[in-house]
Amino acid sequence: MNILIIGNGGREHAFAWKIKQSKHCQNLYVAPGNAGTAQVAQNVAIAVDNFEKLGQFCLEKNIELILVGPEVPLVKGIRDYFESKPSLDHILMVGPGKNGAQLEGSKDFSKQFMLRHGIPTAKAQTFTATQLEAAQSYIDQCNIPIVLKADGLAAGKGVIIAESREEAKAEIKDMLQAQKFGAASSKVLIEEFLKGIELSVFVLTDGTDYVILPEAKDYKRIGDNDTGLNTGGMGSVSPVVFASADFLKKVEERIVQPTIRGLQQEKIPYKGFVFIGLMNVQGEPYVIEYNARMGDPETQSVMSRIDSDFVELLAACAKGDLKNKTLTISQNFALTIVMASGGYPGDFTKGFAIAGLDKPHEAQVFHAGTKAKDQQVVNDGGRVLGITATAASLAEAREKAYRTVLNIRWEGVTFRNDIGEDLMKISG
Ligand code: AMP
Ligand code: GLY
163 MNILIIGNGG REHAFAWKIK QSKHCQNLYV APGNAGTAQV AQNVAIAVDN
213 FEKLGQFCLE KNIELILVGP EVPLVKGIRD YFESKPSLDH ILMVGPGKNG
263 AQLEGSKDFS KQFMLRHGIP TAKAQTFTAT QLEAAQSYID QCNIPIVLKA
313 DGLAAGKGVI IAESREEAKA EIKDMLQAQK FGAASSKVLI EEFLKGIELS
363 VFVLTDGTDY VILPEAKDYK RIGDNDTGLN TGGMGSVSPV VFASADFLKK
413 VEERIVQPTI RGLQQEKIPY KGFVFIGLMN VQGEPYVIEY NARMGDPETQ
463 SVMSRIDSDF VELLAACAKG DLKNKTLTIS QNFALTIVMA SGGYPGDFTK
513 GFAIAGLDKP HEAQVFHAGT KAKDQQVVND GGRVLGITAT AASLAEAREK
563 AYRTVLNIRW EGVTFRNDIG EDLMKISG
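Take the sequence shown: its letter number 382 is residue 544 in the working numbering, and every next letter is one higher.
Below, the structure is given as structure tokens:
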């Protein structure tokens with residue numbers, strides 16, 4: 163098959179790496195890609211939301227399967243665009259239409275969806291700019307901390323956890339009236355704070371049947387011991403030792419199945435990934451958020467544990483043929499450490515040469531914000547590399563990944579030193 167991956171992050175490099183191993187993969191392209199995807203595929207300089215150009219490219223190269231990595235093209239309707247063009251509608255695509263992508267694109271939509279289908283989640287109320295007073299009196303009745311969520315896409319920054327009612331009131335004013343997150347915060351959810359441990363479960367569905375991928379844990383804060391600002395994710399681990407078979411069964415029965423049934427009942431066709439962000443509250447799963455795509459850097463760990471042919475799965479999903487499909491999952495642990503530009507998630511400087519990339523490594527080096535410049539690879543984004551190691555034990559995967567991290571450097575590089583440490587305490 164000729165395959166096009168859309169996106170330019172570590173997630174897309176991990177997808178490309180995995181897809182390249184399939185016997186079904188003939189020509190592989192990534193739009194726009196990064197310096198890492200260029201090693202396994204051909205990069206194509208087209209933006210993820212330039213549907214017209216992507217469509218032309220697919221016709222030129224006879225693309226048979228498209229895998230959409232990030233949320234923006236999904237929420238903007240890439241599937242709807244391809245389905246609306248008779249010359250493009252035959253191309254298989256993994257990624258839901260605009261309707262289904264609302265699970266991620268609108269937190270109000272996803273909250274109401276969960277409530278309609280009895281899916282366990284935190285209690286919440288939604289307010290718009292004309293309801294500021296009502297929102298502030300609602301805050302008076304809330305327990306602290308209070309979670310405020312911008313309704314729309316805010317590049318992972320739209321959630322604020324306020325430690326006092328005063329802070330919550332000031333924040334909600336900023337969000338609703340001063341449009342702190344632009345149009346994304348023209349509606350805001352005030353949500354109950356759930357206390358527990360987070361993990362994510364990933365489902366690939368064709369709208370009727372599904373396969374559950376390995377679960378993973380993400381490390382969202384920039385600093386060790388979960389301190390400092392939120393990021394896109396600074397590391398990931400799979401499997402998650404506290405996700406017992408019993409817990410995962412509850413997730414499947416109470417969350418995965420009702421989600422897919424709910425989409426069917428609401429006549430929302432869905433061919434793609436559902437990323438379910440969960441809080442484990444004393445052994446009971448609650449949904450924190452849905453995403454209509456895979457996670458980054460969770461994908462780097464998850465792809466490293468899938469032994470099955472990934473192209474077969476993707477094609478089955480896009481054809482509506484997932485029934486009876488199973489996954490072979492490696493028993494190994496996979497651990498990813500993100501190496502970021504100094505200053506991230508705030509301002510950072512790009513263009514420093516990355517040293518050590520061409521040494522032999524005992525871990526997989528997935529690129530994210532990198533580009534090739536004057537025969538060198540330079541940092542070109544906030545999150546730059548994802549170093550993924552696999553091993554029979556978490557401790558060993560962790561050692562291999564950190565040894566690799568120490569062999570690679572550029573000016574200002576930063577990373578967390580504690581990826582997986584919390585899980586080692588649990589697993590012993
Ligand atoms: P989200 O963008 O919805 O994933 O939220 C970002 C982060 O905020 C999550 O990963 C959680 O750490 C935290 N968070 C979101 N909602 C809640 C909640 N109801 N209770 C506690 N923490 C939350
Ligand atoms: N790592 C979190 C996400 O991809 O949303």
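Note that the Cβ used here is the ideal one computed from N, Cα and C, for glycine as well.
Please say whether residue j and residue i have beta carbons closer to each other than 7 Å?
{"i": "Y452", "j": "S268", "result": "no"}
{"i": "I165", "j": "C187", "result": "yes"}
{"i": "D371", "j": "S398", "result": "no"}
{"i": "A454", "j": "P282", "result": "no"}
{"i": "D386", "j": "N579", "result": "yes"}
{"i": "L310", "j": "E333", "result": "yes"}
{"i": "G395", "j": "P459", "result": "yes"}
{"i": "A496", "j": "S466", "result": "yes"}
{"i": "G172", "j": "A530", "result": "yes"}
{"i": "A312", "j": "F343", "result": "yes"}
{"i": "F275", "j": "I240", "result": "no"}
{"i": "I422", "j": "T498", "result": "no"}
{"i": "V363", "j": "I438", "result": "yes"}
{"i": "A525", "j": "A563", "result": "yes"}
{"i": "D270", "j": "K349", "result": "yes"}
{"i": "K412", "j": "P447", "result": "yes"}
{"i": "V256", "j": "L229", "result": "yes"}
{"i": "L294", "j": "L227", "result": "no"}
{"i": "K182", "j": "V206", "result": "no"}
{"i": "A330", "j": "I308", "result": "yes"}
Are there 16 or more other CB atoms within 10 angstroms of the CB of residue i, so buried, or fewer, so exposed?
{"i": "H175", "result": "buried"}
{"i": "R278", "result": "exposed"}
{"i": "L391", "result": "exposed"}
{"i": "G262", "result": "buried"}
{"i": "D509", "result": "exposed"}
{"i": "E353", "result": "buried"}
{"i": "L475", "result": "buried"}
{"i": "S246", "result": "exposed"}
{"i": "D536", "result": "exposed"}
{"i": "N541", "result": "buried"}
{"i": "G590", "result": "Below a pLDDT of 50, predicted positions are generally treated as unreliable, and G590, at 46, falls in that range; no measurement from the model is reported."}
{"i": "A193", "result": "buried"}
{"i": "G582", "result": "buried"}
{"i": "G195", "result": "buried"}
{"i": "P232", "result": "buried"}
{"i": "L361", "result": "buried"}
Expressed to the nearest angstrom, what Euclidean distance is found between the alpha-carbon atoms of residue i and residue j?
{"i": "N170", "j": "V575", "result": "20 Å"}
{"i": "K533", "j": "S299", "result": "50 Å"}
{"i": "F219", "j": "H252", "result": "14 Å"}
{"i": "I516", "j": "T566", "result": "13 Å"}
{"i": "G320", "j": "G434", "result": "24 Å"}
{"i": "A284", "j": "M441", "result": "10 Å"}
{"i": "A178", "j": "I549", "result": "15 Å"}
{"i": "K521", "j": "I570", "result": "9 Å"}
{"i": "L556", "j": "S463", "result": "12 Å"}
{"i": "F289", "j": "L315", "result": "16 Å"}
{"i": "I359", "j": "I384", "result": "18 Å"}
{"i": "A405", "j": "T490", "result": "18 Å"}
{"i": "V473", "j": "L254", "result": "12 Å"}
{"i": "N224", "j": "Q493", "result": "37 Å"}
{"i": "A200", "j": "L356", "result": "42 Å"}
{"i": "G424", "j": "N486", "result": "21 Å"}
{"i": "P514", "j": "G504", "result": "Contrary to the premise, residue 514 reads as Phe rather than Pro in this sequence. Distance between the alpha carbons of F514 and G504 is about 11 Å."}
{"i": "L375", "j": "V418", "result": "12 Å"}
{"i": "G445", "j": "E414", "result": "14 Å"}
{"i": "K215", "j": "S249", "result": "13 Å"}
{"i": "V373", "j": "R327", "result": "42 Å"}
{"i": "I322", "j": "E222", "result": "45 Å"}
Is residue i helix, strand or coil when you go by DSSP?
{"i": "K285", "result": "coil"}
{"i": "D380", "result": "strand"}
{"i": "Y300", "result": "helix"}
{"i": "K269", "result": "helix"}
{"i": "K533", "result": "strand"}
{"i": "G590", "result": "For G590, the predicted model reports a pLDDT of 46, less than 50, meaning its position is unreliable and no value from the coordinates is stated."}
{"i": "T393", "result": "coil"}
{"i": "A197", "result": "coil"}
{"i": "V210", "result": "coil"}
{"i": "N261", "result": "helix"}
{"i": "Y243", "result": "helix"}
{"i": "A557", "result": "helix"}
{"i": "L475", "result": "helix"}
{"i": "I181", "result": "helix"}
{"i": "V256", "result": "strand"}
{"i": "P447", "result": "strand"}
Taking 5 Å as the limit, name every residue whose beta carbon sits nearer than that to some heavy atom of the ligand GLY, in sequence order. Counting every residue whose Cβ lies closer than 5 Å to a heavy atom of the ligand GLY, we get D380, G395, G457, D458.
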